[in-house]
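> According to the UniProt record's numbering, the sequence shown holds residues 1 to 111 in order.
Ideal Cβ positions, reconstructed from N, Cα and C, are used throughout, including at glycine.
Computed from a predicted model, the values in this text were never measured in an experiment.
My questions all concern the structure below.
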Amino acid sequence: MSVPAPYSYVKRVCKEFLMNEWNSYWKNSTTGKRTKEILPSANLDLLINNKYAIYLFTNHRPFPAYLCRFKILNNPDCLCGEHADVDHYLTSCMYTKDYHLLLPTGAARTH
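This is the structure in structure tokens:
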């Protein structure tokens, strides 16, 4: 006699399997080092669907340093003359001073 598994059980087993696969892929990936500092493991509770937060975590898109890598801009520097990546804007740019964050100290900062 065969007893079908309840939907909730199948859903939980599938979710656990997929999360294990995702974490395994995330741990073994050689890319995304900056994001791994912020989100060390895959977690459904931390999924981000705000594109601006993703830009900050990944250091991609609207920053001159990123756009210069793809020859969209010719100069990777900010108007103030420093290298214009997300860390610059969040910590040292005179034009974004009102929004600055504190710099991590010691080994926590790898960039």
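Runs of 4 residues minimum, wholly inside the segment 50-101: which ones carry the alpha helix (DSSP H) assignment?
For the segment 50-101, whole alpha helix (DSSP H) runs of length 4 or above, ordered along the chain, are 51-58, 64-69 and 86-91.
> Within the same chain, show all residues whose beta-carbon is closer than 7 angstroms to that of His88, passing over the 5 residues directly before and after it, in chain order.
As a working note, residue 88 is residue 88 in the sequence shown. Excluding positions up to five away in sequence, the list reads Cys78 and Glu82.
> In chain order, what residues of the same chain lie with their CB nearer than 6 angstroms to the CB of Phe57, ignoring the 5 residues before and after it?
The residue given as residue 57 occupies position 57 in the sequence shown. Within the same chain, Phe57 has close Cβ partners Thr35 and Ile38.
> Assign Ile48 to one of three DSSP states: helix, strand, or coil.
Your numbering for residue 48 matches position 48 in the sequence shown. Here Ile48 sits in coil by DSSP.
> When we look at the beta-carbon of Pro64 and count the other beta-carbons within 10 Å, is it buried (16 or more) or exposed?
Translated into the one-based positions of the sequence shown, residue 64 becomes position 64. Answer is buried; the Cβ neighbour count reaches 16.
> For Ala42 and Ser24, what's the separation of their Cα atoms in angstroms?
In the sequence shown, counting from the first residue as 1, residue 42 sits at position 42. In the sequence shown, counting from the first residue as 1, residue 24 sits at position 24. Going by the C-alpha atoms only, they are around 9 angstroms apart.
> Out of curiosity, what's the CA-to-CA distance linking Asp85 and Met19?
Start at 1 with the first residue of the sequence shown, and residue 85 comes out as number 85. Start at 1 with the first residue of the sequence shown, and residue 19 comes out as number 19. Rounded to the nearest angstrom, the two C-alpha atoms are 32 angstroms apart.
> Just the Cα atoms here: how many angstroms apart are His111 and His60?
Here residue 111 refers to the residue found at position 111 when the sequence shown is read from its first residue. Here residue 60 refers to the residue found at position 60 when the sequence shown is read from its first residue. Reliability fails at His111, whose pLDDT of 49 lies under 50, so the model's placement of it is uncertain and the value that follows must be treated cautiously. The alpha-carbon atoms of His111 and His60 are separated by roughly 15 angstroms.
> With a CB to CB cut of under 7 angstroms and the five nearest residues on each side skipped, what residues in its chain are close to Val3?
In the sequence shown, the residue the question calls residue 3 occupies position 3. Nothing listed; no residue qualifies.
> To the nearest angstrom, how far is the alpha carbon of Asn50 from that of Tyr7?
In the sequence shown, the residue the question calls residue 50 occupies position 50. In the sequence shown, the residue the question calls residue 7 occupies position 7. Distance between the alpha carbons of Asn50 and Tyr7: 31 angstroms.
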